[in-house]
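First up is the structure itself, then whatever we jot down about it.
4 protein chains.
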Amino acid sequence: MRNTFGTLFTLTTFGESHGAAVGGIVDGMPSGVTVNIDDIQHELNRRKPGQSNLTTSRCEADQVELLSGVFDGRTTGTPIGFLVRNTDQNSADYESIREVFRPSHADYTYQIKYGVRDYRGGGRASARITLSRIVAGALAKCVLRSEGISIKAYTSQVGEIKVDEDYRKFNLASAELNAVRCPDELKAQEMEQLIKRVKAEGDTVGGVITCVIKGCPIGLGEPEFGKLHAQLGHAMLSINAAKGFEYGTGFEGCIKRGSQQNDSFVPGVANNISTLTNRSGGIQGGISNGEDIYFRVAFKPVATILTTQNTVNKDGRPVSVNPKGRHDPCVLPRAVPIVEAMAAMTLLDALLALKSEQF
Amino acid sequence: MRNTFGTLFTLTTFGESHGAAVGGIVDGMPSGVTVNIDDIQHELNRRKPGQSNLTTSRCEADQVELLSGVFDGRTTGTPIGFLVRNTDQNSADYESIREVFRPSHADYTYQIKYGVRDYRGGGRASARITLSRIVAGALAKCVLRSEGISIKAYTSQVGEIKVDEDYRKFNLASAELNAVRCPDELKAQEMEQLIKRVKAEGDTVGGVITCVIKGCPIGLGEPEFGKLHAQLGHAMLSINAAKGFEYGTGFEGCIKRGSQQNDSFVPGVANNISTLTNRSGGIQGGISNGEDIYFRVAFKPVATILTTQNTVNKDGRPVSVNPKGRHDPCVLPRAVPIVEAMAAMTLLDALLALKSEQF
Amino acid sequence: MRNTFGTLFTLTTFGESHGAAVGGIVDGMPSGVTVNIDDIQHELNRRKPGQSNLTTSRCEADQVELLSGVFDGRTTGTPIGFLVRNTDQNSADYESIREVFRPSHADYTYQIKYGVRDYRGGGRASARITLSRIVAGALAKCVLRSEGISIKAYTSQVGEIKVDEDYRKFNLASAELNAVRCPDELKAQEMEQLIKRVKAEGDTVGGVITCVIKGCPIGLGEPEFGKLHAQLGHAMLSINAAKGFEYGTGFEGCIKRGSQQNDSFVPGVANNISTLTNRSGGIQGGISNGEDIYFRVAFKPVATILTTQNTVNKDGRPVSVNPKGRHDPCVLPRAVPIVEAMAAMTLLDALLALKSEQF
Amino acid sequence: MRNTFGTLFTLTTFGESHGAAVGGIVDGMPSGVTVNIDDIQHELNRRKPGQSNLTTSRCEADQVELLSGVFDGRTTGTPIGFLVRNTDQNSADYESIREVFRPSHADYTYQIKYGVRDYRGGGRASARITLSRIVAGALAKCVLRSEGISIKAYTSQVGEIKVDEDYRKFNLASAELNAVRCPDELKAQEMEQLIKRVKAEGDTVGGVITCVIKGCPIGLGEPEFGKLHAQLGHAMLSINAAKGFEYGTGFEGCIKRGSQQNDSFVPGVANNISTLTNRSGGIQGGISNGEDIYFRVAFKPVATILTTQNTVNKDGRPVSVNPKGRHDPCVLPRAVPIVEAMAAMTLLDALLALKSEQF
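For the protein sequence lines, the chains are S, H, U and D, in the order given.
Numbering-wise (the working numbering), the first sequence opens with residue 220 and increments by one.
Numbering-wise (the working numbering), the second sequence opens with residue 220 and increments by one.
Numbering-wise (the working numbering), the third sequence opens with residue 220 and increments by one.
Numbering-wise (the working numbering), the fourth sequence opens with residue 220 and increments by one.
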């Protein structure tokens, strides 16, 4: 369905950038789970605009209100409705683009598909919409945490600046200590400088986020069309500005020979079996094998740049556009919690499916 | 659902490599479409083993039987059941791996997930299963063709050998003239030589397939979770051995600045609007914009190599495995029609959704 | 999915009787439809408590707020989030049943299924939750009206009092003129008196609602599992207190011979074909045939009665329960708009499916 | 989806009455379940034509072939494809109705919806299609049996002949001892005589099937749209010729007062809680409460009668039709196993959902 994600644990979302509110409904949340609203708000704050001078100056409290499904601090198994009111819309900034299609935005495709669009702040196509995903992801994380599953994403590339070393070399938690969310301190500084330089030029820059999942049970994912990496890929590619997804050794591993790519099984601790290497990225035949799951998501540079661009208007006539509005020079830092949220939802959904299979 | 793909145009599949048959049910096929069984068989033949000396020597007729949904040569709107009998199984080849987990195969994860597995020929995890996709894709292509939509995939990389130039430089139909399915004749020869060399060494090699879709109407794909590229990504990542997906400028475009990445809109022919460049890959805001859609899919080297490897058995004890059975040294040539089939199904599904939206 | 109804036009709901709010998300609403908030509020008012002295004295404004999906008075094709705040909860009335399972309520089954429940006002099992359905139904009606499809339900039986004549004998719109919503004026008075008498006794009474749909195109509904009457049946049986569903001549027609039950086709007006009789209830082979669709839904008497009943508590020990709280002596009058809303959603969903099939 | 039933345990079907075969794919079958092909064939034989002189003389072996998903006699968790070849089609019998719409058949609605139809033997609308449901139901029963859940349906009414007493009065297994499948021996004889008389007149007759489910755990079914009785109702109403569904005291209970309808909870055996009466039919708030589930399904008389009827042809011109072909005078006896099969699938689906909820 269009605005619903998942099968057993589902999120359905609504909202436009400059509408009354954005929000959603989480269905399939297990009952009896203790929910701390601060945990959810903490995740929203990681995505919130205005955290640092690398992000947009739009100022939103992004205060979530849970409307149902939680009673006396615990989930009841019924759907959890929630919303976040929009408060700092400067819709006047968007009057100039009412009839104009901004390059590489969704203005044109929405207009043709629907015949009408809310042009203010990108409407439904705004990345602001992703905060519903953060809320659902935070709820999913509550359950995953109690099952011993952890998820950590970080910025591994901004423009040309790339973390060269493997995720195992870093304390991933340390990514939260800098504004770009990169666990490699030196690279983090270079990335920050690059983003500031690009911002000063009125331009934007893209990059890559890496995500690592630890503690997964064996058996998540389904054969054929529900392969775990296909579900993760779908989840990640549904994030605004995502252009690519790869897991394990990804595109690079495809250059290799089978003899260089295969992971040998070896006896593991406590009766388990593990693999000597993990080029498979924790997924074999579409099903988790108990090793770390890791993947990378490519994000394009934000389409809104603060220089004059040529485009056309609704009548197909050439015009130039010089956007106002407040935008991020680089989405990566704020996309890190979104990647985690989508991973959390995907994993919980797969975990519920696995439970249903165990007779 | 586990073994169903799509929402309005759906394929549900069944079958194991060495079972009685593989097949499926296509639901949502528009009625009144002329179906030529030879067109379907032609696509199956493109995927069939034994087409060239680059592929496995398993010899299957792969003759499809349509069981329903077609009457007097035309579709009736009812589901199309079909099957292909398995005929050339050498199940004895697999007795040695009954209790052994082959490296980077699905043996281990299936065993743990289900507690039982059909170990013969990889069972359900065999790429042989994809022939159901070919049948459904061929049916989808019938409809797309009449709507002016064409799909062409080709091998753009094998190991280190890579087609450097853009797809627009080639006559893509010519890819079918060589065994690797690459439209760049020189590279095709290099790829062939590489595959033969790798095969001689008992090894395997991976690569990349590029796919180009022309003639799409504007409006395919849905906002949020049904973005067209997310659906395509899911489809492609569900193919055996797929490790990555990117569309438009993909991972490379993420290094760029917004000013280098944006596509300017320009007045098009006959009232349409088009873009000067197409870095977006024909999709903006998750919705097709009428330009060519193109994407790339990474495939890992086949896990079965003809050298002795270390692994463990069901009891977790170290053993060595030296597989018999017949395998491809490189899946790319035979994966080309599978990529096309999955793209065709995804597009027809999106097209049916678009029809339902047009009041 | 648990809390989602529909395939192409979907409603996902949330909310508990005494929670912060009840609401939902409508997805798949066609774009460009003019939405008048008063039309939606009008439908909510038909369901609202306190309309007459036949209903509960709980006093709720039931004022709906649309949060997204409507721009400049027209739908945009994006999801429509909405909510209604709960304002008149007397949760203290329910303290006494915190640990007690009321007879024929959902208290026990929810407690065992989820291990926890919001016992206040019936929580999620309260009929208050249906107001989300009213909102979605009102939106669906907007579209159906413009397609020439009308839906009218009415109370055809309360306890022993039954409308004997066929729906064609009445001006169905006149049902709205009395408190029980019955188009037979005399029977309406008898029903009112019965409900008052039952109420005075602290008891409750059930009945039957009949619903008539006119103007359907031929072709709604899908063969096999998506038969139109199966979809309607599912929709109706999902309404609180519903115990049965029949369409056309229903249970009574089953006593008949084929020669008494069959509807002869006859030439209709303007090239159409119609049937001489309509025992089929407008649906043949699961697909609408253009005749009036009509069906009946049975509702049990409300479980909350104002006399002492024997039951058990959480520990399984016998206790007596004498409920406070405010309740309807008969749900029928307020269930009429709910039946219409569910029918509207079902039909629009089927209509969108039909559009997707028309190439 | 059109031809798929269920969410976690799903059946997708294909096939036409006079096509090559009918069959389907069962997905979500738990792994490790022992499958005895004779058990499945036994259920098919209960539905098979020609069991007695009360049924059609079409002679089909209805021999099922399992094509996948079972290995060494046990399910593997992968989809189970199966088919039954059609062998005794007399398609020539149907040439006369190629252009004619038989009264109260699906000929007309299929023709208008799809623009084309397989008119032979009713095509996809034939009750022959239900044998796929029998196969899936037999598989579901294997699992339910091991969970202690039993399902038994029986003919409780044929025309005016009605079993007056409650199901608890009978040994339901004895229903299989007579041709109409009624556990009340005397009524069974009357029913048989009625069917023979009706058959001799070239006419047909309808009736009611009652189904009783014992041993359900508490917690099956989901609030709101997935209420267990709504799912059962959907399942039953999707069976050919079904016109109504009621559970518990159904339509009759709606005449009653709340004080007459409520079921008091009482302490049960071994810590459980049970109800003194079971007017609720084992379902409260849409969720099973551990008591017997029972419901009734109304079936109309078969539309094919062996007397001349007036109708119209494709051009809308009046013609008379006098069908050849072989038909049942009463579907009830052969519908009994179909009702059981649909109940089995619904329950297993709900059981898998319940498993996924139990953390």
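Even glycine gets a Cβ: it sits at the ideal position worked out from N, Cα and C.
What does DSSP give as the partner residues of residue i in its beta bridges?
i: GLY500 (chain H); result: According to DSSP, which records beta bridges pairwise, GLY500 (chain H) is partnered with nothing at all.
i: LEU285 (chain D); result: D:PHE301
i: GLN528 (chain S); result: S:VAL540
i: PRO322 (chain D); result: DSSP output for PRO322 (chain D) lists no bridge partner at all.
i: SER616 (chain S); result: There is no way to answer for residue 616 (chain S), as the model of chain S reaches only from 220 to 578.
By how many angstroms is the C-alpha of residue j removed from the C-alpha of residue i?
i: SER369 (chain U); j: ALA563 (chain U); result: 9 Å
i: ALA280 (chain S); j: CYS361 (chain D); result: 55 Å
i: SER250 (chain D); j: PHE228 (chain D); result: 12 Å
i: LYS519 (chain U); j: SER271 (chain S); result: 60 Å
i: ALA394 (chain U); j: LEU273 (chain U); result: 15 Å
i: ALA460 (chain H); j: GLY469 (chain S); result: 10 Å
i: TYR333 (chain D); j: PHE578 (chain U); result: 10 Å
i: ILE414 (chain D); j: GLU379 (chain D); result: 11 Å
i: SER641 (chain S); j: LYS267 (chain S); result: As shown, chain S starts at 220 and ends at 578. That puts residue 641 (chain S) outside it, with no answer to give.
i: LEU495 (chain S); j: ASP482 (chain S); result: 6 Å
i: ARG343 (chain D); j: ASP547 (chain S); result: 56 Å
i: THR232 (chain H); j: MET455 (chain H); result: 16 Å
i: THR328 (chain D); j: ILE492 (chain U); result: 11 Å
i: CYS430 (chain S); j: GLY472 (chain H); result: 20 Å
Name the residue from the options whose alpha carbon lies nearest to the alpha carbon of residue i.
i: LYS533 (chain U); options: U:SER276, U:HIS453, U:ILE316 and U:PRO249; result: U:ILE316
i: CYS549 (chain D); options: U:SER478, U:VAL354, U:LEU363 and U:LYS332; result: U:SER478
i: THR526 (chain S); options: S:PRO442, S:ALA419 and S:VAL488; result: S:ALA419
i: GLY234 (chain S); options: H:ALA461, H:GLU443, H:ASP246 and H:ASN491; result: H:GLU443
i: ILE524 (chain H); options: H:SER507, H:ALA239 and H:ASP422; result: H:ASP422
i: ASN390 (chain H); options: H:ALA355, H:ALA372, H:LYS574 and H:VAL283; result: H:ALA372
i: PHE484 (chain U); options: U:GLY472, U:GLY509, U:ALA461 and U:ASP307; result: U:GLY509
i: ASP258 (chain S); options: S:ARG364, S:VAL538, S:LEU447 and S:SER323; result: S:ARG364
i: PHE301 (chain S); options: S:ASP291, S:GLY341, S:GLU318 and S:LEU358; result: S:LEU358
i: GLU366 (chain U); options: U:LYS433, U:ARG515, U:HIS261 and U:LEU456; result: U:LYS433
i: SER375 (chain S); options: S:GLY426, S:THR328 and S:THR349; result: S:GLY426
i: GLN450 (chain U); options: U:ARG221, U:SER310, U:THR565 and U:GLY242; result: U:THR565
i: ASP383 (chain H); options: H:VAL538, H:ILE512 and H:PRO402; result: H:PRO402
Would you identify the three-state DSSP class for residue i, choosing helix, strand or coil?
i: ARG545 (chain S); result: coil
i: LYS267 (chain D); result: coil
i: ILE259 (chain U); result: helix
i: GLU366 (chain D); result: coil
i: ALA461 (chain H); result: strand
i: ALA372 (chain S); result: strand
i: ALA239 (chain H); result: coil
i: THR328 (chain D); result: helix
Would the beta-carbon of residue i fall within 7 Å of that of residue j?
i: VAL399 (chain H); j: GLU411 (chain H); result: yes
i: THR530 (chain S); j: VAL521 (chain S); result: no
i: ASP326 (chain D); j: PHE320 (chain D); result: yes
i: VAL252 (chain D); j: THR294 (chain D); result: yes
i: THR349 (chain U); j: ILE557 (chain U); result: yes
i: ALA560 (chain S); j: LEU439 (chain S); result: no
i: GLY463 (chain D); j: GLU576 (chain U); result: no
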